[in-house]
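S.K.: The structure is given below, and queries will be raised subsequently.
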Amino acid sequence: MKFFLLSRLILSFALAVGINGAASAQTALLNVSYDPTREFYQDFNAAFARHWKNQTGETVIIQQSHGGAGKQARAVIDGLEADVVTLALAYDIDAIAGKARLIPQDWQSRLPYNSSPYTSTIVFLVRKGNPKGIKDWDDLVKPGVSVITPNPKTSGGARWNYLAAWGYALKQYGNDEAKARDFVTRLYKNVAVLDSGARGSTTTFAERGIGDVLISWENEAFLANRELGPDRLEMVVPSLSILAEPPVTVIDKVVDRRGTRKIAEAYLRYLYSEEGQNLAGKHYYRPHDPKIMAQYAGQFPQVNLFTIDEVFGGWAKAQQIHFADNGVFDQIYQLGR
Amino acid sequence: MSAHVAARWTTQTRRFEKNAATREPAWVKAALMTVALLFFGLFLLLPLATVFAEALRKGWQVYFAALAEPDARSAMVLTLLVAAIAVPLNLIFGLAAAWAIAKFDFRGKQLLTTLIDLPFSVSPVIAGLIYVLIFGAQGWFGPWLIENDIKMIFAVPGLVLATVFVTFPFVARELIPLMQAQGREEEEAAIVLGASGWKTFWYVTLPNIKWGLIYGVVLCNARAMGEFGAVSVVSGHIRGRTNTLPLHVEILYNEYQFAAAFAVASLLALLALLTLVIKSFVEWQGRQSMHTSQNISEVIQ
Chain A
31 MKFFLLSRLI
41 LSFALAVGIN
51 GAASAQTALL
61 NVSYDPTREF
71 YQDFNAAFAR
81 HWKNQTGETV
91 IIQQSHGGAG
101 KQARAVIDGL
111 EADVVTLALA
121 YDIDAIAGKA
131 RLIPQDWQSR
141 LPYNSSPYTS
151 TIVFLVRKGN
161 PKGIKDWDDL
171 VKPGVSVITP
181 NPKTSGGARW
191 NYLAAWGYAL
201 KQYGNDEAKA
211 RDFVTRLYKN
221 VAVLDSGARG
231 STTTFAERGI
241 GDVLISWENE
251 AFLANRELGP
261 DRLEMVVPSL
271 SILAEPPVTV
281 IDKVVDRRGT
291 RKIAEAYLRY
301 LYSEEGQNLA
311 GKHYYRPHDP
321 KIMAQYAGQF
331 PQVNLFTIDE
341 VFGGWAKAQQ
351 IHFADNGVFD
361 QIYQLGR
Chain B
4 MSAHVAARWT
14 TQTRRFEKNA
24 ATREPAWVKA
34 ALMTVALLFF
44 GLFLLLPLAT
54 VFAEALRKGW
64 QVYFAALAEP
74 DARSAMVLTL
84 LVAAIAVPLN
94 LIFGLAAAWA
104 IAKFDFRGKQ
114 LLTTLIDLPF
124 SVSPVIAGLI
134 YVLIFGAQGW
144 FGPWLIENDI
154 KMIFAVPGLV
164 LATVFVTFPF
174 VARELIPLMQ
184 AQGREEEEAA
194 IVLGASGWKT
204 FWYVTLPNIK
214 WGLIYGVVLC
224 NARAMGEFGA
234 VSVVSGHIRG
244 RTNTLPLHVE
254 ILYNEYQFAA
264 AFAVASLLAL
274 LALLTLVIKS
284 FVEWQGRQSM
294 HTSQNISEVI
304 Q
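As you go down the protein sequences, you meet chains A and B in turn. Counting from 1 along the first sequence, just add 30 to a position and that's the residue number in this note's numbering. Counting from 1 along the second sequence, just add 3 to a position and that's the residue number in this note's numbering.
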């Protein structure tokens with residue numbers, strides 16, 4: 031009997047902790063994001079907290095969660111209480127709209143530039159001196175070149191990587207789908223490790239020393255170069271790449287339940303402000319604001335970019351053809367093995 | 004009685020060892036020892052040393068800064084909290100289950116024994132996913148939990164549940180064989196002499212299993228604090244809120260803060276070393292008390 035009482039006591043304690051955790055977190059926002067934004071949002075959150083304090087006198091704490099974009103979207107669908115999500119690509123947020131109905135279907139039209147306050151692109155990172163002579167996408171399919179890229183099933187960055195390669199091949203072979211498919215198949219045959227997120231791939235390549243070339247977000251390549259030493263790594267810009275638009279949105283069901291809509295919306299709008307754009311540029315994301323972009327113009331290499339809408343007809347279509355179960359990626363990855 | 008047997012056994016061992024015909028040649032001995040020591044050094048000692056070496060590579064200042072950082076501190080607090088809830092729960096369960104299995108006969112006893120081992124055979128990641136499927140927003144109880152504003156997964160209760168699941172067998176597994184070996188005679192005698200069930204447990208059963216119980220709890224605690232897979236699935240990885248120490252290590256590593264990651268990892272390694280010390284102390288104490296009780300029973304005989 032006493033044991034029964036004791037266990038009841040402990041259980042109710044555990045529940046109380048859970049509920050208290052929710053109650054005391056009222057002025058806290060949770061931003062669920064993808065892998066390479068860690069450093070950027072660390073700075074941006076501090077800047078926004080200062081801005082909000084000056085404007086309203088209220089203190090706000092922004093909590094962060096990072097991981098592969100697909101995995102993070104899955105967690106939000108399963109109930110991770112994100113006030114805002116800042117993910118790698120629109121499709122992951124579409125999943126939150128479609129599967130869990132936490133946001134309206136037309137979420138992407140709520141903020142400027144398709145809800146993407148900054149853009150990026152896909153580049154290569156190679157070892158110092160570029161021992162394998164990698165210049166462009168063609169060099170990645172050569173036999174004996176070991177490629178590192180994350181898994182498109184779980185990582186948003188990986189899907190941009192895949193589509194960039196596909197888009198290049200289409201252009202190279204005059205829009206011949208079969209040849210593009212063969213090109214991408216050969217590329218994935220050269221992949222040594224498929225990590226679940228972009229950051230995992232970067233540490234595999236840079237820290238564990240596996241592979242000859244890393245296909246990476248531009249901002250991630252800059253950061254890895256800075257953090258892990260420019261004496262070890264070198265960035266290579268391909269002749270053609272994709273314009274990557276990582277979008278952001280407020281999660282309506284969560285902010286309405288928690289009463290945080292006003293501050294969550296202000297948070298995302300601040301990404302478009304001068305300070306927000308400036309910080310994005312500082313962390314190697316390409317800002318939209320032309321004035322700020324001009325300041326950082328020297329930092330970003332000139333790359334010919336195509337958009338996903340031009341080549342693939344939008345994310346929904348690309349996702350369905352390439353990344354759904356038994357889609358093109360599943361087929362070629364099986365073939366490649 | 005048993006002491007005599009033990010004494011005879013030891014002298015026999017000595018004679019057996021002296022006899023060249025029944026002894027392994029020296030090179031076999033040396034080879035086996037070398038292999039064992041090499042394995043030990045390569046797979047246990049070297050990684051352990053690496054953790055501390057890497058942690059201190061940038062000096063003590065970086066080391067302590069990594070541990071004093073607010074996210075690291077909240078990870079420590081959370082890890083302690085989760086263990087403080089999960090370990091007592093499994094202590095109570097393990098005691099109850101071991102008592103039921105060792106001292107009573109009932110239908111389905113074999114099944115219960117098998118079920119207790121289930122968490123050992125299920126991958127921790129699956130264990131975490133089970134709770135997401137049950138308590139997640141799209142899971143069985145998800146809508147009800149949201150309506151009542153109760154957070155299970157991606158909050159402390161989920162972390163506790165996942166930890167309880169993976170540490171479920173430790174106490175029970177430790178106690179069942181011990182209690183079975185001790186038999187029921189002493190409890191039966193106590194009952195016959197008029198002791199209540201509670202008194203029997205407190206004055207007869209508990210003192211007998213004391214060291215086994217502590218041993219089980221120590222192991223249970225070590226696993227509870229070190230668990231990664233199951234906790235990773237239900238955590239949501241919110242810094243300062245649902246990050247336990249092992250998850251914090253991963254985050255730091257992914258942020259290129261290698262020295263800090265190893266500094267936090269060294270805390271977990273220290274915990275493991277402490278566990279080992281307590282474990283060997285408990286084992287030694289357990290043997291001591293076994294000898295005393297044997298001596299007493301000899302005196303009585």
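No residue lacks a Cβ here, since even glycine has one placed at the ideal position from N, Cα and C. Everything numeric in this text was worked out from a predicted model, so none of it was measured.
(1) Which residues in chain B sit within 9 Å of A/A130, going by Cβ to Cβ distance?
(2) Quickly, what does DSSP pair A/Q8 with across the bridge? List them, please.
(3) What are the start and end residues of the alpha helix (DSSP H) that includes B/L49?
(4) I'd like to check one pair, A/L224 with A/N191: are the Cβ atoms closer than 7 Å?
(5) Measuring straight from C-alpha to C-alpha, what distance separates B/W214 and B/A175?
(6) In the DSSP assignment, what residue or residues form a beta bridge with A/M265?
(7) Is it right to say B/T53 is buried, meaning 16 or more other beta carbons lie within 10 angstroms of its own, or is it exposed?
(8) Quick check for students: name the residue ranges of the alpha helix (DSSP H) that lie wholly in the stretch 210-297 of chain B, counting only runs of 4 or more.
(9) For a contact defined as C-beta to C-beta under 9 Å, what are the partners of A/I281 on chain B?
(10) Cβ closer than 9 Å: which chain A residues qualify as neighbours of B/Y134?
(11) If we define contact as Cβ-Cβ less than 7 Å, is A/M95 a contact residue for chain B?
(12) Should B/A87 and B/T166 be called a contact, given that it needs their Cβ atoms to be closer than 7 Å?
(13) Among B/G111, B/F168, B/L98, B/A263, whose alpha-carbon lies nearest the alpha-carbon of B/P210?
(14) Against B/I104, what residues of chain A qualify as contacts under a CB-to-CB distance less than 8 Å, listed in chain order?
(15) What are the boundary residues of the beta strand (DSSP E) that includes A/I245?
(16) Using DSSP with H/G/I as helix, E/B as strand and the rest coil, what is A/Y143?
(17) Nearest chain B C-beta to A/A105 closer than 7 Å, yes or no?
(18) Would you tell me roughly how many angstroms separate the C-alpha atoms of A/Y121 and B/Q260, rounded to the nearest one?
(19) Could you list which residues in chain A have their beta carbon closer than 7 Å to that of B/Y259, in chain order?
(20) Go to A/A274, then tell me how far its beta strand (DSSP E) extends in each direction, as first and last residue.
(21) Could you check how far apart the C-beta atoms of A/I272 and A/F336 are, in whole angstroms? I think they sit under 8 Å.
(22) In whole angstroms, give me the CA-to-CA distance for A/A44 and B/L83.
(23) Quick one: what's got a C-beta closer than 7 Å to B/V220's C-beta in the same chain, skipping five residues either side?
(24) Listing by chain order, which chain A residues have their CB less than 9 Å from the CB of B/I179?
(25) Leaving out the 5 sequence neighbours to the left and right, which residues in its chain are closer than 6 Å to A/G98 when beta-carbon positions are compared?
(26) Drop a sphere of 10 angstroms on the beta-carbon of A/G259, count the other beta-carbons inside from all chains shown, and report buried for 16 or more, exposed for fewer.
(27) List the endpoints of the continuous beta strand (DSSP E) containing A/A222.
(28) Who are the Cβ neighbours of B/Y218 in its own chain at under 8 Å, not counting the five residues just before and after it?
(29) Could you tell me which uninterrupted beta strand (DSSP E) segments, each at least 3 residues in length, are contained entirely in the stretch 293-364 of chain A, listed from first to last along the chain?
(30) For a contact defined as C-beta to C-beta under 9 Å, what are the partners of B/F171 on chain A?
(31) So what does B/T116 bridge to, in DSSP terms?
(32) Would the beta-carbon of A/E250 fall within 7 Å of that of A/P66?
(33) Compare the beta carbon distance of B/T247 and B/A68 with 7 Å and say whether it is the shorter of the two.
(34) Which residue spans inside the stretch 37-111 of chain B form an unbroken beta strand (DSSP E) run of at least 3?
(35) Compare the C-beta of A/G197 with all C-beta atoms of chain B and state if any pair is closer than 7 Å.
M.R.: Concretely, from the data shown:
(1) A140, Q141
(2) Outside the shown range of chain A, which is 31 to 367, sits residue 8 of chain A, and nothing can be said about it.
(3) 49-58
(4) no
(5) 13 Å
(6) A/L155
(7) Answer is exposed; the Cβ neighbour count stays below 16.
(8) 232-238, 248-257
(9) Residues of chain B passing the Cβ test: none, with the nearest at roughly 11 Å.
(10) Those do not exist, as B/Y134 stays about 10 Å from chain A at its closest Cβ, beyond 9 Å.
(11) At residue 95 of chain A the sequence reads Ser, which differs from the Met that was named. Yes - at least one Cβ of chain B is within 7 Å of the one on A/S95.
(12) no
(13) Checked all of B/G111, B/F168, B/L98, B/A263; the closest Cα to B/P210 is B/L98.
(14) The contacting residues do not exist; B/I104 stays about 16 Å from chain A at best.
(15) Per DSSP, A/I245 is one residue of the beta strand (DSSP E) stretching across 243-247.
(16) helix
(17) yes
(18) 31 Å
(19) E257, L258
(20) If you look at A/A274, you'll find it in the beta strand (DSSP E) that goes 270-274.
(21) 6 Å
(22) For A/A44, the pLDDT reaches just 46, beneath the cut-off of 50, and the residue's location in the model is therefore unreliable, although a value from the coordinates is still provided. So the alpha carbons of these two residues sit roughly 13 Å apart.
(23) Taking C-beta separations shorter than 7 Å and ignoring five residues to either side along the sequence, the partners of B/V220 in its chain run V90, L94, V174, following chain order.
(24) In chain order: nothing, as chain A lies at least about 18 Å away.
(25) T184, S185, S226, G227
(26) exposed
(27) 221-223
(28) The beta carbon of B/Y218 lies closer than 8 Å to those of E177, K282, V285, E286, G289 in the same chain, with the five residues before and after it left out.
(29) 334-336
(30) Within chain A, no residue comes near B/F171; the closest Cβ sits about 14 Å away, beyond 9 Å.
(31) Paired residues: none, contrary to the question.
(32) yes
(33) no
(34) none
(35) Interface with chain B (7 Å Cβ-Cβ cutoff): A/G197 is excluded.
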